[in-house]
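Read through the structure below, which is laid out as structure tokens, and then see the notes.
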Amino acid sequence: MSFIHPKGPVLGPLVVCGVCFTESNLKYLEEINVKDSKQLSKKKRITFSKLIKTQCVCYKELIVSTQEIDQRIEKAINLNMLEINKFAQIINDLKPDIIYMDAADTSEERFREFIVEKLNYIPHKIISEHKADEKYPIVSAASIIAKHKRDVIIDNLREKYLNLGYSDLGSGYPSDKKTTKFLREWIRSEKKAPPFARKTWETTKKMLDLELYNKKITQYFE
Numbered sequence: 002m003s004f005i006h007p008k009g010p011v012l013g014p015l016v017v018c019g020v021c022f023t024e025s026n027l028k029y030l031e032e033i034n035v036k037d038s039k040q041l042s043k044k045k046r047i048t049f050s051k052l053i054k055t056q057c058v059c060y061k062e063l064i065v066s067t068q069e070i071d072q073r074i075e076k077a078i079n080l081n082m083l084e085i086n087k088f089a090q091i092i093n094d095l096k097p098d099i100i101y102m103d104a105a106d107t108s109e110e111r112f113r114e115f116i117v118e119k120l121n122y123i124p125h126k127i128i129s130e131h132k133a134d135e136k137y138p139i140v141s142a143a144s145i146i147a148k149h150k151r152d153v154i155i156d157n158l159r160e161k162y163l164n165l166g167y168s169d170l171g172s173g174y175p176s177d178k179k180t181t182k183f184l185r186e187w188i189r190s191e192k193k194a195p196p197f198a199r200k201t202w203e204t205t206k207k208m209l210d211l212e213l214y215n216k217k218i219t220q221y222f223e
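Right, dumping it as structure tokens:
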């Protein structure tokens, strides 16, 4: 079993995914040449996501809303610990014997220990590594399902707000000029951040300061 934790965007939720395969069926992922979701086009992610879901034993997605992401500050929970809680929830639900994890901590072993503390059973083996989605096809598979789910959510938001007269919100990542343009225009118009923006992200906070409070900030978004 494996799961993945895409993170970083300023717009939209965090999607965490776990996927289980029998050991004998793992070779299927190599046969279809499953790769890290970041290396695949959106169209390819759709195709692979369907194939993976039909061949896996089971999978589970958790959608972490922007509100829950922001509320962690009030609860004094950092993002890593929030992700650890979601990882553990998926593992406890699916109860795989062998677990491959993309470590969401600077220390792979510390991340593993945090997970173990939250499990309600004892798995046979746990592999916790950085960039596991680039090393293990099963982690890539979870990455693809999670990324595709987020693609669908962002596409739905884009269509909704385009129909309401807003500009294209882009990918939701701070590096996307469409995203920062959308965020800027929304804040100028509504005098607040969008409900699907991560308000604790520096991108949002700086944009609010720039557009609402006229604070002098280096040309961060230009």
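Residue numbers 2 to 223, in the numbering used here, belong to the letters of the sequence shown in order.
The beta carbon of each residue, even a glycine, is placed where N, CA and C say it ideally should be.
Query, Result
"Identify, in the order they occur along the chain, each residue of the same chain with its Cβ nearer than 8 Å to the Cβ of I70, setting aside the five sequence neighbours on each side.", "P14, L15, L80, L83, R199, T201"
"Looking only at its own chain, which residues have a Cβ that is under 6 Å from the Cβ of T219, when we skip the five neighbours before and after it?", "With a pLDDT of 47 at T219, under the threshold of 50, the predicted position of this residue should be treated as unreliable, and no value is reported."
"Could you pull out every residue in the same chain whose Cβ sits closer than 8 Å to the Cβ of L117, ignoring the five residues on either side in sequence?", "As written in the sequence, residue 117 is Val, which differs from the Leu given in the question. Answer for V117: I127, listed in chain order."
"CA-CA distance, E110 and L95?", "22 Å"
"Can you tell me whether L52 is helix, strand or coil according to DSSP?", "helix"
"Can you tell me where the beta strand (DSSP E) holding D103 begins and where it ends?", "99 to 103"
"Less than 8 Å between the CB atoms is what I'm expecting for Y101 and Y137, so what's the real figure, rounded?", "5 Å"
"Please list the terminal residues of the continuous beta strand (DSSP E) segment that includes Y167.", "Here Y167 belongs to no beta strand (DSSP E), and DSSP marks it neither H nor E."
"Provide the residue(s) that pair with S129 in DSSP beta bridges, ordered along the chain.", "M102"
"Is the beta carbon of S144 less than 9 Å from the beta carbon of D156?", "no"
"How is Y60 classed by DSSP in three states: helix, strand or coil?", "strand"
"Could you tell me whether the Cβ atoms of V11 and L63 are closer together than 9 Å?", "no"
"May I have the straight-line CA-CA distance separating N215 from T107, to the nearest angstrom?", "36 Å"
"Three-state secondary structure (DSSP) at V16?", "strand"
"Spatial neighbours of L170 within its chain, please: CB distance less than 7 Å, with the 5 preceding and 5 following residues excluded, ordered by chain position.", "L12, L158, R159, Y162, K179, T180, F183"
"By alpha-carbon positions, which one of E191, R151, F22 ends up nearest to S172?", "R151"
"Comparing alpha-carbon positions, which option in S141, I74, R185, N26 lies nearest E130?", "S141"
"Can you name the residues that DSSP bridges to V65?", "L15"
"Report all residues from its chain with a CB closer than 6 Å to the CB of R189; omit the five preceding and five following residues, and keep chain order.", "E212"
"Which class does A194 belong to by DSSP, given the choice of helix, strand or coil?", "coil"
"Between the Cα of K28 and the Cα atoms of K45, Q56, Y167, which residue gives the shortest distance?", "Q56"
"Are the beta-carbon atoms of P175 and T67 separated by less than 9 Å?", "no"
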